[in-house]
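Q: My structure is below; once you've seen it, I'll send some questions.
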Amino acid sequence: MKMRLLAPALILCALPLLALAADTTIAIIPEPVSLQKGKGSFSLPEKVTIAAPATTEAGWVVRTFSERWQKASGQTIAKTNAANATIRLVYANSSDVNLGKEGYRLMVNQKGIEISAASPAGWFYGIQTLFQLMPTAIESLSPSKNVSWKIPFVTIHDKPRFGWRGLMLDVSRHFFTKQEVKQFIDDMVRYKYNVLHFHLTDDQGWRIEIKGWPRLTEVGAWNVKKQGYFGTFPTPKKEEKRDHGGFYTQDDIRELVQYAKERFVDILPEVDVPGHSLAAVVSYPNLSGTPELAATYQVNSGENFMDWSRGNPPTALVNNTLSPIKDTVFQFLTDVVTQLAQLFPFPYLHTGGDECPKNYWEKDPAVQALMKQEGLKNQDEVQSYFEKRLEKIVRSQGKKMIGWDEILHGGLAPGAAVMSWQGMKGGIEAARQQHEVVMTPTTFAYLDYMQGDPATEPEVYATLRLKKTYEFEPLPPGIDPQWIKGGQGNVWTEQIYNYRYLQYMVWPRAFSLAETFWSPAEKKNWDNFVNRLNHHLVRYDIAEKKYATCHNDAIIDSRFSKDGRLQVDLSTEVNGLQLYYSFDNTFPDNFYPAYRGGPLFPPEECSMMRAVTYRGKQQVGKMITITREELMKRAKERNRN
Ligand code: ACM
Numbered sequence: 074m075k076m077r078l079l080a081p082a083l084i085l086c087a088l089p090l091l092a093l094a095a096d097t098t099i100a101i102i103p104e105p106v107s108l109q110k111g112k113g114s115f116s117l118p119e120k121v122t123i124a125a126p127a128t129t130e131a132g133w134v135v136r137t138f139s140e141r142w143q144k145a146s147g148q149t150i151a152k153t154n155a156a157n158a159t160i161r162l163v164y165a166n167s168s169d170v171n172l173g174k175e176g177y178r179l180m181v182n183q184k185g186i187e188i189s190a191a192s193p194a195g196w197f198y199g200i201q202t203l204f205q206l207m208p209t210a211i212e213s214l215s216p217s218k219n220v221s222w223k224i225p226f227v228t229i230h231d232k233p234r235f236g237w238r239g240l241m242l243d244v245s246r247h248f249f250t251k252q253e254v255k256q257f258i259d260d261m262v263r264y265k266y267n268v269l270h271f272h273l274t275d276d277q278g279w280r281i282e283i284k285g286w287p288r289l290t291e292v293g294a295w296n297v298k299k300q301g302y303f304g305t306f307p308t309p310k311k312e313e314k315r316d317h318g319g320f321y322t323q324d325d326i327r328e329l330v331q332y333a334k335e336r337f338v339d340i341l342p343e344v345d346v347p348g349h350s351l352a353a354v355v356s357y358p359n360l361s362g363t364p365e366l367a368a369t370y371q372v373n374s375g376e377n378f379m380d381w382s383r384g385n386p387p388t389a390l391v392n393n394t395l396s397p398i399k400d401t402v403f404q405f406l407t408d409v410v411t412q413l414a415q416l417f418p419f420p421y422l423h424t425g426g427d428e429c430p431k432n433y434w435e436k437d438p439a440v441q442a443l444m445k446q447e448g449l450k451n452q453d454e455v456q457s458y459f460e461k462r463l464e465k466i467v468r469s470q471g472k473k474m475i476g477w478d479e480i481l482h483g484g485l486a487p488g489a490a491v492m493s494w495q496g497m498k499g500g501i502e503a504a505r506q507q508h509e510v511v512m513t514p515t516t517f518a519y520l521d522y523m524q525g526d527p528a529t530e531p532e533v534y535a536t537l538r539l540k541k542t543y544e545f546e547p548l549p550p551g552i553d554p555q556w557i558k559g560g561q562g563n564v565w566t567e568q569i570y571n572y573r574y575l576q577y578m579v580w581p582r583a584f585s586l587a588e589t590f591w592s593p594a595e596k597k598n599w600d601n602f603v604n605r606l607n608h609h610l611v612r613y614d615i616a617e618k619k620y621a622t623c624h625n626d627a628i629i630d631s632r633f634s635k636d637g638r639l640q641v642d643l644s645t646e647v648n649g650l651q652l653y654y655s656f657d658n659t660f661p662d663n664f665y666p667a668y669r670g671g672p673l674f675p676p677e678e679c680s681m682m683r684a685v686t687y688r689g690k691q692q693v694g695k696m697i698t699i700t701r702e703e704l705m706k707r708a709k710e711r712n713r714n
């Protein structure tokens with residue numbers, strides 16, 4: 074096997090973040106619609122009291138506060154009806170009617186804290202903002218002593234720009250436990266996300282119990298544990314144990330749905346068909362158009378089984394598709410959709426539709442006969458035939474179908490919503506056809522991509538820096554906003570083996586997307602965001618959460634100058650950093666040559682260059698080392714493009 078060469082990297086250290094100002098600094102993410110800072114601050118008493126309407130939903134909000142408060146302060150709260158309670162959750166009056174379903178008004182003054190909202194989700198988001206106004210000790214995992222629990226006087230009016238603020242979690246490529254999914258939801262809601270898109274099935278694992286189809290979880294949920302660069306592993310031998318993976322029982326799913334509901338999150342289940350279905354066809358070979366082949370397949374464990382050389386759709390080396398025409402397939406999908414519809418109250422159901430190879434369908438005489446019978450001109454229309462039948466099943470269960478933008482090809486099923494991932498164009502086209510759209514383009518929203526220089530990050534085939542995610546604008550010019558439901562960040566987990574690394578990949582880019590989805594477009598400001606981000610990363614340290622710091626690193630670009638020399642340009646994502654570099658194999662610090670703009674020309678004999686960033690006298694970025702060979706390779710690639 075040809076080995077992939079990773080550019081050698083030497084990462085010395087990621088040094089501490091900026092020294093931060095006093096606890097009462099206001100740094101809210103996502104930025105609220107309006108915030109007026111008052112003079113002074115309110116000190117929480119030792120015995121915090123909360124007054125809230127006697128409803129179940131208000132109870133969830135009270136619990137959200139009290140659990141975190143108790144963890145961080147060691148104190149319990151008391152519920153009261155008194156008008157002088159420390160925290161008061163009240164219904165908004167008519168002057169606040171434009172708060173909508175999720176908006177809130179938060180007032181902190183000498184009388185304490187009042188959150189008014191038209192509905193419970195608003196209280197919940199008001200509480201999330203309140204946490205961010207509290208001293209960083211609120212992030213602590215155990216009670217802190219001697220904290221002065223001061224909250225600055227403020228009046229905040231706030232409501233989201235978009236109703237759909239999602240993160241997609243792929244639990245197929247690598248399985249995440251029920252407890253980890255709950256933790257993911259907890260992490261999401263602090264930044265006011267409200268949709269968890271749950272990618273439950275793929276070639277590497279079927280993760281949800283479906284009654285009547287037991288092999289989906291007996292067989293389809295398990296593969297062979299492999300570690301390394303996913304997608305390049307050798308095919309497991311027959312005797313290798315298939316005990317890696319897992320699934321959620323229907324009771325687990327009900328528990329997760331309830332957990333999410335109590336945090337004002339909807340779960341969007343995805344069953345990805347007709348492609349990405351290897352786990353299903355291995356479990357039930359009759360679902361395949363080539364059952365005799367399917368009977369010989371195994372659930373994928375990270376071996377390559379797709380030829381991408383001609384782009385999307387790929388050519389399947391192993392037929393991972395459902396037959397687009399067999400009655401058994403539609404019976405199977407009816408059972409799956411019926412059970413999903415009962416388990417998940419969210420009105421939408423995601424049926425995938427992406428990257429479906431057509432090379433086995435092309436050769437299938439039954440597909441050819443169907444094409445003749447139905448007058449289908451090509452394989453896109455065959456997939457469209459499949460999607461339209463599936464959409465009817467979804468609709469018959471009272472749900473709205475949503476699928477990846479490939480479902481547009483060959484004709485979009487009536488009423489189907491589109492998740493636009495191959496750029497914005499699919500979303501634009503669907504919105505023009507008056508279909509609902511969720512924008513989640515690779516260009517801005519793919520959280521599985523590398524965040525910094527490939528020399529410093531675990532390899533993935535593309536890079537998406539924090540700054541680029543901040544440039545995301547989900548509403549394309551000239552498109553009627555009523556069709557754009559919102560946006561979503563996608564966390565595909567081929568290369569994500571554990572929850573710590575999942576956090577690293579999600580944060581801080583999901584801070585940035587949260588602001589795009591919640592805050593008014595005119596409120597977005599990169600420099601201001603970065604300032605607030607630094608405060609949140611301090612909180613993440615206290616909360617012992619993992620995150621990436623690549624946004625502080627040097628960006629090293631190489632190319633060939635007009636006269637053919639190797640040229641290097643340095644830059645940073647974050648303003649206000651100073652770059653230092655070396656060509657002499659040693660580690661630059663802030664006494665080394667400072668980069669002052671313009672091209673650098675590494676001397677002929679220089680075998681590697683290094684660059685590092687400082688804010689003032691403090692190193693903030695990683696030490697990045699890139700060999701001459703790698704610089705030349707990148708320059709050649711740049712010339713080619
Ligand atoms: C996708 O990334 N294949 C939707």
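Numbering (the working numbering), first residue to last: 74 to 714. Where a beta carbon is used, it is the ideal one built from N, C-alpha and C, also for glycine.
#1: Tell me, to the nearest whole angstrom, how far the beta carbon of S221 is from that of A145; I am working on the premise that it is less than 8 Å.
#2: To the nearest angstrom, how far is it from the Cα of N601 to the Cα of E376?
#3: Could you check whether the Cβ of Y370 sits closer than 8 Å to any heavy atom belonging to the ligand ACM?
#4: Bridge partners of L117, per DSSP?
#5: Among the candidates N171, M523 and Y370, whose CA atom is the shortest distance from the CA of V579?
#6: Assuming M681 and R701 are in contact, meaning their beta carbons sit under 8 Å apart, how far apart are those beta carbons, in whole angstroms?
#7: Give the straight-line distance between the Cα atoms of I628 and T424, rounded to the nearest whole angstrom.
#8: Mind checking L704: buried by the 16 CB within 10 Å criterion, or exposed?
#9: Three or more C-beta pairs under 8 Å: does that hold for the stretch 673 to 689 against the stretch 588 to 595?
#10: Hey, would you say R711 sits closer than 9 Å to I697, going by beta carbons?
#11: On the CB-based measure, 16 or more other CB atoms within 10 Å of its CB, does A95 come out buried or exposed?
#12: Closer than 8 Å: is that where the CB of N563 sits relative to any heavy atom of the ligand ACM?
#13: Would you say the beta carbon of E428 is closer than 8 Å to some non-hydrogen atom of the ligand ACM?
#14: I believe R238 touches F590 by the beta-carbon criterion, under 8 Å. Please report the beta-carbon distance rounded to the nearest angstrom.
#15: Shorter than 8 Å, the distance from the beta carbon of Y519 to the closest heavy atom of the ligand ACM, or not?
#16: Scan the stretch 512 to 564 and note each continuous beta strand (DSSP E) run of 3 residues or more that stays entirely inside, going in chain order.
#17: Thinking C-alpha only, which one of K540, V641 and V685 is nearest D662?
#18: With distances taken Cα to Cα, identify the nearest neighbour of Q495 among A504, E502, P514 and A489.
#19: Nearest-angstrom Cα distance between D526 and S634?
#20: Can you round the beta-carbon distance between I188 and G199 to whole angstroms, since I take them to be within the 8 Å contact cut?
#21: Which class does I697 belong to by DSSP, given the choice of helix, strand or coil?
#22: Does the stretch 603 to 611 come close enough to the stretch 552 to 561 that 3 or more CB-CB pairs lie under 8 Å?
#23: For the alpha helix (DSSP H) containing F584, name the first residue and the last one.
#24: Could you pull the start and end residues of the beta strand (DSSP E) that R683 belongs to?
#25: Below 9 Å between beta carbons: does that hold for I281 and L463?
#26: Is any heavy atom of the ligand ACM found at a distance shorter than 8 Å from the C-beta of T515?
#27: Please confirm whether any heavy atom of the ligand ACM lies closer than 8 Å to the CB of W494.
#28: Specify, as a first and last residue, the run of the alpha helix (DSSP H) that R638 falls within.
#29: Going by beta-carbon coordinates alone, are T388 and P347 separated by less than 9 Å?
#30: Going by Cα to Cα distance, which pick from N598, P105, Y613 and Q640 is closest to N648?
#31: Cβ of W381 within 8 Å of any heavy atom in the ligand ACM?
#32: Counting beta carbon pairs with one atom in the stretch 347 to 365 and one in the stretch 270 to 279, are three or more of them shorter than 8 Å?
#33: Can W434 be considered in contact with the ligand ACM, in the sense that its beta carbon sits closer than 8 Å to one or more heavy atoms?
#34: Spell out the partners DSSP gives H423 in its beta bridges.
#35: What separation, rounded to the nearest whole angstrom, lies between the Cα atoms of D316 and V268?
#36: Taking buried to mean at least 16 other C-beta atoms within 10 Å of its own C-beta, is S493 buried or exposed?
A: The answer reads as follows:
#1: Within the sequence shown, numbered from 1, the residue matching residue 221 stands at position 148. Within the sequence shown, numbered from 1, the residue matching residue 145 stands at position 72. 13 Å between Cβ atoms; not a contact.
#2: Along the sequence shown, read from residue 1 onward, the residue named residue 601 stands at position 528. Along the sequence shown, read from residue 1 onward, the residue named residue 376 stands at position 303. Rounded to the nearest angstrom, the gap between the Cα atoms of N601 and E376 is 44 Å.
#3: Within the sequence shown, the letter at position 297 stands for residue 370. Placement of the Cβ of Y370 at a distance of 8 Å or more from every heavy atom of the ligand ACM is found.
#4: Residue mapping note: residue 117 aligns to position 44 of the sequence shown, counting from 1. L117 is not bridged to any residue.
#5: Reading the sequence shown from its first residue, position 506 is the one you call residue 579. Here the closest residue by C-alpha is M523.
#6: For the purposes of this step, residue 681 is identified with residue 608 of the sequence shown, where counting begins at 1. For the purposes of this step, residue 701 is identified with residue 628 of the sequence shown, where counting begins at 1. The pair is a contact, with the Cβ atoms about 6 Å apart (cut-off 8 Å).
#7: Translated into the one-based positions of the sequence shown, residue 628 becomes position 555. Translated into the one-based positions of the sequence shown, residue 424 becomes position 351. So the alpha carbons of these two residues sit roughly 39 Å apart.
#8: Against the sequence shown, residue 704 aligns to sequence position 631. With a 10 Å radius around the Cβ and a threshold of 16 neighbouring Cβ atoms, L704 comes out buried.
#9: Proximity of the stretch 673 to 689 to the stretch 588 to 595 falls short of the contact definition, fewer than three beta-carbon pairs being nearer than 8 Å.
#10: Start at 1 with the first residue of the sequence shown, and residue 711 comes out as number 638. Start at 1 with the first residue of the sequence shown, and residue 697 comes out as number 624. The answer is no: Cβ separation not under 9 Å.
#11: The residue labelled residue 95 in the question sits at position 22 within the sequence shown. Legend: pLDDT at A95 = 42, less than 50; position of this residue unreliable, value from coordinates given subsequently. A95 comes out exposed.
#12: Working through the sequence shown from its first residue, we reach residue 563 at position 490. True, at least one ligand heavy atom lies under 8 Å from that Cβ.
#13: Here residue 428 is taken as the residue at index 355 of the sequence shown, counted from 1. E428 Cβ: within cutoff of the ligand ACM.
#14: Residue mapping note: residue 238 aligns to position 165 of the sequence shown, counting from 1. Residue mapping note: residue 590 aligns to position 517 of the sequence shown, counting from 1. With a Cβ gap of about 4 Å, R238 and F590 count as contacting.
#15: Locating residue 519 in the sequence shown gives position 446, counting from the first residue. Because some heavy atom of the ligand ACM lies under 8 Å away, the Cβ of Y519 counts as near it: yes.
#16: 557 to 564
#17: The residue you call residue 662 lines up with position 589 of the sequence shown. Among K540, V641 and V685, the Cα nearest to that of D662 is on V685.
#18: As a first step, residue 495 is located in the sequence shown; it is residue number 422 there, counting from the start. Closest option to Q495, Cα to Cα, is P514.
#19: Position 453 of the sequence shown, counted from the start, is the residue given in the question as residue 526. Position 561 of the sequence shown, counted from the start, is the residue given in the question as residue 634. Cα to Cα, D526 sits roughly 22 Å from S634.
#20: Sequence index remark: in the sequence shown, residue 188 carries index 115 (1-based). Sequence index remark: in the sequence shown, residue 199 carries index 126 (1-based). At roughly 4 Å, the Cβ-Cβ gap stays under 8 Å, so I188 and G199 are in contact.
#21: The residue given as residue 697 occupies position 624 in the sequence shown. I697 falls in the strand class under three-state DSSP.
#22: no
#23: In the sequence shown, residue 584 corresponds to position 511, counting from 1. Per DSSP, F584 belongs to the alpha helix (DSSP H) from R582 to W591.
#24: If you number the sequence shown from 1, residue 683 lands on position 610. According to the DSSP assignment, R683 belongs to the beta strand (DSSP E) that extends over M681 to R688.
#25: Locating residue 281 in the sequence shown gives position 208, where the first residue counts as 1. Locating residue 463 in the sequence shown gives position 390, where the first residue counts as 1. I281 is not a Cβ neighbour of L463, given a cutoff of 9 Å.
#26: Translated into positions along the sequence shown, residue 515 becomes position 442. True, at least one ligand heavy atom lies under 8 Å from that Cβ.
#27: Within the sequence shown, the letter at position 421 stands for residue 494. It does: the Cβ of W494 is within 8 Å (strictly closer) of some heavy atom of the ligand ACM.
#28: Locating residue 638 in the sequence shown gives position 565, counting from the first residue. Taken as a continuous stretch (DSSP letters only), R638 belongs to no alpha helix (DSSP H), as it is neither H nor E.
#29: If you number the sequence shown from 1, residue 388 lands on position 315. If you number the sequence shown from 1, residue 347 lands on position 274. No; because the gap between Cβ atoms is not below 9 Å, this pair is not in contact.
#30: For the purposes of this step, residue 648 is identified with residue 575 of the sequence shown, where counting begins at 1. When only C-alpha atoms are compared, the closest one is N598.
#31: Along the sequence shown, read from residue 1 onward, the residue named residue 381 stands at position 308. Incorrect: W381 has no Cβ contact closer than 8 Å to the ligand ACM.
#32: Because the criterion of three Cβ pairs below 8 Å is met, the stretch 270 to 279 and the stretch 347 to 365 touch.
#33: Locating residue 434 in the sequence shown gives position 361, where the first residue counts as 1. The answer is no for W434.
#34: Taking the sequence shown and counting its residues from 1, the one referred to as residue 423 is at position 350. In the DSSP output, where bridge partners are listed per residue, H423 has E343 and I475.
#35: Taking the sequence shown and counting its residues from 1, the one referred to as residue 316 is at position 243. Taking the sequence shown and counting its residues from 1, the one referred to as residue 268 is at position 195. Whole-angstrom Cα-Cα distance: 31 Å.
#36: Here residue 493 corresponds to residue number 420 of the sequence shown, with the count starting at 1. Looking at its Cβ environment, which holds 16 or more other Cβ atoms inside 10 Å, S493 is buried.
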